[in-house]
Amino acid sequence: MAVPRGAQIAARLLTRGSKPLNSNTSASATLKSPVGGPRWQIRNAASLHTRASHRAQAVPAVRDEENYEPPVSSNPAMSFPCLDAQEQKTAALQTRSLASGPEPSYTTGSHMVFHSDEPILLDWGGILPEFDIAHETWGTLNADKSNAILLHTGLSASSHAHSTEANPKPGWWEKFIGPGAPLDTDKFFVICTNVVGGCYGSTGPSSKDPSDGQRYATRFPILTMDDMVRAQARLLDGLGITKLYASVGASMGGMQSLAFGVHFPDRVGKIVSISGCARSHPYSIAMRHTQRQVLMMDPNWNRGFYYDGGGNGIPPHSGMKLAREIATVTYRSGPEWENRFGRQRADPSKPPALCPDFLIETYLDHAGEKFSLEYDPNSLLYVSKAMDLFDLGFAHQEATRARRRENQAKLSSVRRGVAEPKSDPSCSLTLPSKKYEEQVSTAPMDEAVAAGHSSGPPQDLVKGMAVLKDHPVLVMGVASDILFPAWQQREIAETLRATGNQKVTHFELGEDISLFGHDTFLLDLKHIGGNVGRFLQ
1 MAVPRGAQIA
11 ARLLTRGSKP
21 LNSNTSASAT
31 LKSPVGGPRW
41 QIRNAASLHT
51 RASHRAQAVP
61 AVRDEENYEP
71 PVSSNPAMSF
81 PCLDAQEQKT
91 AALQTRSLAS
101 GPEPSYTTGS
111 HMVFHSDEPI
121 LLDWGGILPE
131 FDIAHETWGT
141 LNADKSNAIL
151 LHTGLSASSH
161 AHSTEANPKP
171 GWWEKFIGPG
181 APLDTDKFFV
191 ICTNVVGGCY
201 GSTGPSSKDP
211 SDGQRYATRF
221 PILTMDDMVR
231 AQARLLDGLG
241 ITKLYASVGA
251 SMGGMQSLAF
261 GVHFPDRVGK
271 IVSISGCARS
281 HPYSIAMRHT
291 QRQVLMMDPN
301 WNRGFYYDGG
311 GNGIPPHSGM
321 KLAREIATVT
331 YRSGPEWENR
341 FGRQRADPSK
351 PPALCPDFLI
361 ETYLDHAGEK
371 FSLEYDPNSL
381 LYVSKAMDLF
391 DLGFAHQEAT
401 RARRRENQAK
411 LSSVRRGVAE
421 PKSDPSCSLT
431 LPSKKYEEQV
441 STAPMDEAVA
451 AGHSSGPPQD
461 LVKGMAVLKD
471 HPVLVMGVAS
481 DILFPAWQQR
491 EIAETLRATG
501 NQKVTHFELG
511 EDISLFGHDT
521 FLLDLKHIGG
531 NVGRFLQ
């Protein structure tokens with residue numbers, strides 16, 4: 001609040017005359033404004049020190065406890081039903097943990113399991129001595145096994161893309177699979193897997209390490225998209241399928257679909273990549289990093305050892321809830337939420353609250369709560385990191401091949417039954433010693449924008465994807481997608497065309513067609529499904 005001019009003048013007058021206001025004069029001076037106005041006090045440092053000393057030396061009065069009434073706050077304390085709910089959930093999980101032991105079972109319904117006794121070497125030197133791949137199938141495999149389609153999932157999806165007799169629950173792509181559907185089961189044999197690293201029946205952090213019978217937790221090795229498709233190739237070997245009719249996927253599955261083609265070009269005919277990318281970019285890496293950090297900061301995460309009563313015996317459900325809320329922001333679009341929620345509050349008749357209040361807040365809260373116990377937290381960490389590491393550029397592939405050659409000896413040791421050392425000195429991270437500083441650009445705005453989106457695809461990426469120059473490829477993107485922006489799908493199409501591929505089909509759905517952002521691939525049967533169906537014919 002500004003001091004009134006009258007008070008300012010009075011203050012100057014107090015400093016004049018034979019007794020200026022200083023450390024030797026009165027401790028404070030009270031300035032009176034006109035009747036009804038505020039009172040202003042001028043105090044110097046000495047007066048404040050003196051008063052504080054007197055207060056410190058004062059003998060506290062004896063309180064009459066019988067007649068004492070506590071001071072009444074100016075405003076009542078706010079209630080926090082959202083925190084109450086989380087505390088109640090934690091208490092319930094604690095009770096269940098003490099009573100029944102292990103964490104929630106994440107596996108959803110009936111599925112088939114392919115088991116490989118042959119160890120698999122992972123890109124960053126880790127070894128899985130054996131592994132399982134959960135999968136489901138629809139349609140009939142023909143006599144020469146040439147009609148198989150491998151469907152790749154998004155980050156947190158299970159193999160249950162469509163209902164089956166054993167599991168009639170609708171799948172995550174229910175309307176896209178079936179007789180006459182885009183993935184037409186009258187013509188094709190559709191296979192969908194849960195990725196290695198997941199928690200819906202495939203080997204992941206919640207699985208038991210065969211070497212000691214304990215859950216892997218964060219002893220599970222770092223893995224990549226390429227590792228996931230190598231494991232899928234083992235499944236195809238087990239099914240006797242030498243070549244796929246098509247590799248199809250959206251989101252993380254769109255990345256895997258391309259990766260399968262790059263690593264096994266002779267084992268696939270057509271490729272479909274929807275809302276994916278050929279290499280992960282900083283924005284999506286940043287969003288996934290933030291989700292991982294929120295999850296790892298939940299005390300119940302316990303560095304990944306929360307299984308079977310580890311730590312508090314409670315899964316990090318609060319961290320998972322918040323991580324999912326962050327993810328949900330990236331899955332949909334602002335324009336959709338503007339139309340769907342606007343600025344509406346859940347209950348306008350009540351005062352605003354710090355807990356979910358606006359409809360958009362209640363939507364995010366519900367999405368996070370629903371997911372918090374549906375997916376294994378460690379799987380989220382590992383699979384999202386695999387997405388960050390994705391890069392089909394030639395230099396990255398060459399570095400990976402060199403690393404795999406160096407680590408072949410590990411694979412031989414496991415085959416001979418020789419145990420790997422329990423600790424690996426290479427499993428450490430040195431952060432930059434120099435603090436990050438903002439770099440001020442001196443380039444004109446149009447040049448700065450052009451630098452972010454070059455006129456042509458990177459030659460390193462062209463070289464890395466050259467093995468796909470003869471494959472028919474469908475690439476689809478959505479203009480309202482902020483997690484995998486449409487320019488990333490354009491980059492895929494331009495890169496493939498730069499390899500000499502003349503069989504590239506690229507569609508981009510504008511905001512006039514879809515406002516559902518990244519989740520469009522789950523919802524738009526007409527445009528996403530229609531284009532996929534026509535491409536596969």
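In UniProt numbering, the protein residues as written are 1 to 537.
Beta carbons: idealized from backbone N, C-alpha and C, even for Gly.
With respect to L155, M387 sits close: the two C-beta atoms are nearer than 8 angstroms.
Between the alpha carbons of Y331 and H518 lies a gap of roughly 5 angstroms. The Cβ-Cβ distance between F358 and R340 does not fall below 8 angstroms.
In this structure the stretch 393–409 does not touch the stretch 169–183; the number of beta carbon pairs closer than 8 angstroms is below three. Here D123 carries a coil assignment [DSSP, helix/strand/coil].
Per DSSP, V229 lies in no beta strand (DSSP E); the unbroken alpha helix (DSSP H) holding it starts and ends at M225 to L239. Counting C-beta atoms within 10 angstroms of its own C-beta, Y68 has fewer than 16 neighbours from the protein chains shown and is therefore classed as exposed.
Here G530 is exposed: its Cβ has fewer than 16 other Cβ atoms, across all protein chains shown, within 10 Å. Spatial neighbours of R234 in its own chain (CB-CB distance under 6 angstroms, excluding positions within 5 residues in sequence) are listed in chain order as S116.
One alpha carbon belongs to I528, the other to G510, and they sit about 12 angstroms apart. Cβ-Cβ separation between I360 and A231: approximately 39 angstroms, too far for a contact (criterion under 8 angstroms). Collapsing the DSSP output to three states places H471 in coil.
By the neighbour-count definition (other C-beta atoms within 10 Å, threshold 16), S202 is a buried residue. DSSP places S79 outside both helix and strand once states are collapsed to three, so it counts as coil. Between the stretch 310–323 and the stretch 369–379, the count of Cβ pairs shorter than 8 angstroms is three or higher; the stretches touch.
Scanning its chain for C-beta atoms nearer than 7 angstroms, with the 5 sequence neighbours on each side dropped, one finds around W173 the residues A161 and H162, in chain order. Counted as a single uninterrupted DSSP element, the beta strand (DSSP E) harbouring Y245 occupies residues L244 to A250. When rounded, the separation of the alpha-carbon atoms in V195 and L525 is 24 angstroms. For secondary structure counted as the alpha helix (DSSP H) over 4 or more consecutive residues, the stretch 311–360 holds these complete runs in sequence order: 317–331 and 334–340. In the structure shown, A161 adopts coil according to DSSP, grouped into three states. With a minimum length of 4 residues, the unbroken runs of alpha helix (DSSP H) contained wholly in the stretch 247–276 fall at 252–263. Taking a cut-off of 8 angstroms on C-beta distances, the stretch 488–502 does not touch the stretch 216–223, as fewer than three cross pairs fall below it.
The three-state reading of DSSP puts V72 in coil, since its state is none of H, G, I, E or B. Boundaries for M297: no beta strand (DSSP E) harbours it, and the DSSP string shows neither H nor E there.
From the listed residues L93, S273 and H289, the smallest Cα separation to A493 is found for S273. For E325, same chain residues with a beta-carbon under 6 angstroms away, outside a window of 5 residues either side, are L364 and G368 in chain order. Contact between the stretch 81–97 and the stretch 127–138 is absent: fewer than 3 CB-CB pairs across the two stretches fall below 8 angstroms. The residue from S158, I177 and H471 with its alpha-carbon nearest to that of M112 is S158. Pairing F305 with G313 gives a Cβ-Cβ distance that is not under 8 angstroms.
Going by beta carbons, S146 and F484 fall outside the 8 angstroms limit. Non-local C-beta neighbours of L141 in its own chain, meaning closer than 8 angstroms and more than five positions away in sequence, comprise N147, A148, F189, L239 and I241, ordered along the chain. Counting the other Cβ atoms within 10 Å of the Cβ of F80 gives fewer than 16, which makes it exposed. Under DSSP, R279 takes part in a beta bridge, and its partners are D391. Exposed is the label assigned to D64, since fewer than 16 other Cβ atoms lie within 10 Å of its Cβ. Of the residues assessed, P179 falls on the exposed side of the cut-off, its CB having fewer than 16 other CB atoms within 10 angstroms.
With 16 or more neighbouring CB atoms inside 10 Å of its own CB, Y200 falls in the buried class.
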